[in-house]
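For the record, the sequence lines run as chains A and B. Counting in our numbering, the first sequence runs from 1 upward without gaps. Counting in our numbering, the second sequence runs from 1001 upward without gaps. Where is the CB? At the ideal position from N, CA and C, for every residue including glycine. These notes are about the structure you will find just below.
2 protein chains.
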Amino acid sequence: MATIREVADKAGVAPASVTRVLGGYPNVSDELRERVLTAVREVGYEPDLVAAGLRRGYTKTIGMIVNDILNPVVAQMVDVVEDELRVAGYGVILANSNGQSAHDLVNLRLLHQRRVDGLIASVADDTNPDLIATMAGLPIPVVLLDRQIELENLSAVLSDHRYSARALANHLIDHGHRQIAIISGATSAYPSRERVTGVLDVMRERGLPVRPEFQVSGRGSEEFASRSLSSIMDQPEPPTAIIIGNGNTAALVGVLHELRRRGVQIGVDIAIAAAEDGPLVSLYTPAITAVERDIIDLGRRAARMVLAQLAKDTLRAQTIVLPTRLVIRESTDWTLPAPALH
Amino acid sequence: MATIREVADKAGVAPASVTRVLGGYPNVSDELRERVLTAVREVGYEPDLVAAGLRRGYTKTIGMIVNDILNPVVAQMVDVVEDELRVAGYGVILANSNGQSAHDLVNLRLLHQRRVDGLIASVADDTNPDLIATMAGLPIPVVLLDRQIELENLSAVLSDHRYSARALANHLIDHGHRQIAIISGATSAYPSRERVTGVLDVMRERGLPVRPEFQVSGRGSEEFASRSLSSIMDQPEPPTAIIIGNGNTAALVGVLHELRRRGVQIGVDIAIAAAEDGPLVSLYTPAITAVERDIIDLGRRAARMVLAQLAKDTLRAQTIVLPTRLVIRESTDWTLPAPALH
DNA sequence: GTCTGTTCTGAAAACGATACCGGAAAGTCA
DNA sequence: TGACTTTCCGGTATCGTTTTCAGAACAGAC
């Protein structure tokens, strides 16, 4: 592997001059620039960003921690972040925690040891005290992506999940539902936490019973979702509406499979709503009510926020909240007949 | 940020001893190890992997180039690769090319400059001569993931797309279809190339007409897919079966939307098959025939192949092909009535 | 011709960790 | 006891790049 010194020797100049040419510094004569560039081509020189990183003190890489890359929404965030950062000259080191907070902790340490210049994090559990303590001490800009930790040095880009959860609860109640169940992801992460809070708030405000056995939260696996649904539907006086408060496709699939197996008809026997929009819910028969939000915007803002803080060395951390929108479809757009009086 | 020297000073030892303790080398007395470890804790030392990388000559990172991370199948590959490599102590730098071969080239250079120890690549265009030339010269182990380039130094893990494409074509013909169209991704990437080859081969073998206007390939966007379908269906004597030869969800969605818009009924007017299995195709009404394969296995083998080549310094490149399986569902599981004779 | 001020270039010192080398101490064997 | 091996540890060169500093070359002004 050719080094800068070989280039310098070939061109008959000092290594420093090669740096000046390649770095685009102004004080270089045309003649020297020419000599260096041809030498670079001749020896096939590729700069060593590891060595440069050590000397410079920054690496031009950003770490990205995600919860679950199998979630299409998360994949989309990764996509846009990676894209936005690449054009700014940054590489992205991706770390997936698969929903396990312990993984987040080791990933955080590893990224720090790799000396990333900044961090975009969508951790599994934003209430983990160890994680919070570690994050508080990081000497680099950190942007939380759809996660909330109250710390001076952390920025965040959030979606307003509570708003859409409230809208959904009101919509269901307006259509005659009184027994509403919610199967959500772990409430140790902001989105599910907000969704559950929003729904329960509305139910209380409108005087509806909140039955604890109708509120299940946990891992977003297919099995967990279908088991949860089962236990809920086996209760006396089962719910007439189910809210899936987990953006993961697997959770939705688990519920749909179990409903099919039981012969429960969506739009007739039961109303269903999903936490996240996508082709599966919009093309399903019947089409499923879901929450829509601009993922591209979310990811882009997170990326730009890190870049901004990196540019002007010290920039206050900030938090922004982006809107969500309820898309009503056939699965909930019908009214439950009033119960017969006895 | 604490350095190894500060730790050494605090513990009253030489920097080299700190390295020995932290690196788990055998020749260290318990007493010195103890002193070093407490010093490490006291000053809050975190090793600098950038500096270590420079000195050691390897970075403990693997580059991963992917075509389109929005494709759920690709996301799953990223997931398993990242997982497998993390437990082996490697970090993953992800680079997404969004289907553009030019991006692949810059990503390749960037990863090389970052001195990744190995590369797992699922590039946009595995026929690009520039890319092939660059890859031929890489001094690190490279494993192609579902891509095929005939070079001595490149390994590959492939799926047998041709097999399933042939099975699908035979299945359709057996059910009375004579006019079969295929909308595929760019044939400059191995999977679509193989699928198209497989289908056309079978059609020729069984003496069916291969109409060039029924064979479209290009970007896997929703718009492209629906436009392609439109132009195909507007031909005289339109096809009775459509093969979607692109694993991307967007392509499938485009076709489904357009069929809905036109009021063409799947399973009655037309047969549909998808290139890749998933919740959307299995839960759609009617359920859609698709090709299933073990993505986890694919990704895991690619990861392990890089690791193996990294472990024993020189290991011949190898290629393995993994099976695919056709899952027949309602969308094709019906027989086309014989045409009325005139 | 000297002096000042640009503009360009080279020498050398870092950045932080590791690997090599050699020396000291401790153990082994005759 | 002496010679020899083994174990442990410190000093220091080194990885490839960038940055700082100072000097060289040159021009223009007096």
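{"Query": "Residue from A275(A), L307(A), P236(A) and L85(A) whose Cα sits closest to the Cα of S164(A)", "Result": "A275(A)"}
{"Query": "Partners in chain A for A1075(B), counting only beta-carbon separations shorter than 7 Å", "Result": "I69, L70 and A75"}
{"Query": "Cβ of P1141(B) within 9 Å of any chain A Cβ", "Result": "no"}
{"Query": "Cβ neighbour criterion (16 or more within 10 Å) applied to K1312(B)", "Result": "exposed"}
{"Query": "Chain-order list of residues whose beta-carbon lies under 8 Å from that of I1270(B) (same chain, five-residue window excluded)", "Result": "P1239, T1240, A1241, I1242, L1259 and V1264"}
{"Query": "Listed by chain order, chain A residues near L1054(B) by CB distance under 7 Å", "Result": "V50, A51 and L54"}
{"Query": "Close Cβ partners of G1089(B) (< 7 Å) along its chain, the five nearest in sequence each way excluded", "Result": "K1060"}
{"Query": "V202(A), enclosing alpha helix (DSSP H) - first and last residue", "Result": "Y190 to E205"}
{"Query": "Q76(A) (DSSP reduced to helix, strand or coil)", "Result": "helix"}
{"Query": "Sub-9 Å separation of A1251(B) and A1290(B) beta-carbons", "Result": "no"}
{"Query": "Bridge partners - E1292(B), DSSP secondary structure assignment", "Result": "R1325(B)"}
{"Query": "Cβ pair L208(A), I180(A) closer than 9 Å", "Result": "yes"}
{"Query": "Contact check, L298(A) vs S159(A), beta carbons under 9 Å", "Result": "yes"}
{"Query": "Cβ-Cβ distance between G971(B) and L1168(B) below 9 Å", "Result": "Lying before the first or after the last residue shown, residue 971(B) is absent from chain B, which here runs from 1001 to 1342."}
{"Query": "Buried or exposed by the 16-neighbour rule on C-beta atoms within 10 Å, applied to G205(A)", "Result": "Just to set this straight, residue 205(A) is Glu in the shown sequence, not Gly. That one is exposed."}
{"Query": "For P279(A) and G267(A), believed in contact at Cβ under 8 Å, the rounded distance", "Result": "So it is not a contact: roughly 19 Å between Cβ atoms."}
{"Query": "When P72(A), V73(A), H103(A) and M64(A) are compared against L85(A), the one with the closest alpha-carbon", "Result": "M64(A)"}
{"Query": "4 or more residues per run - each alpha helix (DSSP H) lying fully within the segment 66–133 of chain A", "Result": "72–87 and 101–113"}
{"Query": "Completely contained alpha helix (DSSP H) runs for the segment 193–270 of chain A, where each covers 4 or more residues", "Result": "222–233 and 249–262"}
{"Query": "Contact the segment 114–129 of chain A vs the segment 63–81 of chain A: 3+ CB pairs below 8 Å", "Result": "yes"}
{"Query": "Cα-Cα separation, D104(A) to V116(A)", "Result": "15 Å"}
{"Query": "Residue range of the beta strand (DSSP E) that includes I1180(B)", "Result": "I1180 to S1184"}
{"Query": "N-terminal and C-terminal residue of the alpha helix (DSSP H) that L1172(B) is part of", "Result": "H1161 to D1174"}
{"Query": "Chain A contact residues for Y1284(B), given Cβ-Cβ distances below 7 Å", "Result": "L283"}
{"Query": "G1247(B) beta carbon less than 9 Å from that of P1191(B)", "Result": "yes"}
{"Query": "Given 8 Å, three or more beta-carbon pairs between the segment 1314–1323 of chain B and the segment 1150–1157 of chain B", "Result": "yes"}
{"Query": "Below-9 Å beta-carbon distance, V268(A) vs any chain B residue", "Result": "no"}
{"Query": "DSSP bridge partner residues for A273(A) (one or two, in chain order)", "Result": "I243(A) and T289(A)"}
{"Query": "Limits of the beta strand (DSSP E) - the one that V1143(B) falls within", "Result": "V1142 to L1145"}
{"Query": "Interfacial residues, the segment 1107–1128 of chain B to chain A, with Cβ spacing under 9 Å", "Result": "N1107, R1109, L1110, L1111, H1112, Q1113, R1114 and R1115"}
{"Query": "Chain B contact residues for G185(A), given Cβ-Cβ distances below 9 Å", "Result": "Neighbours of G185(A) on chain B: none; closest Cβ ~17 Å, over 9 Å."}
{"Query": "Start-to-end residues for the alpha helix (DSSP H) that takes in E1034(B)", "Result": "D1030 to V1043"}
{"Query": "Chain A contacts from the segment 1078–1101 of chain B (Cβ-Cβ distance under 8 Å)", "Result": "V1078, D1079, E1082, D1083, R1086, G1091, V1092, I1093, L1094, A1095, N1096 and N1098"}
{"Query": "Chain-ordered neighbours of T1059(B) on chain A, where CB pairs are closer than 8 Å", "Result": "V50"}
{"Query": "Chain-order list of residues whose beta-carbon lies under 6 Å from that of V80(A) (same chain, five-residue window excluded)", "Result": "I296, G299 and R300"}
{"Query": "Any C-beta of chain A under 9 Å from that of M1001(B)", "Result": "yes"}
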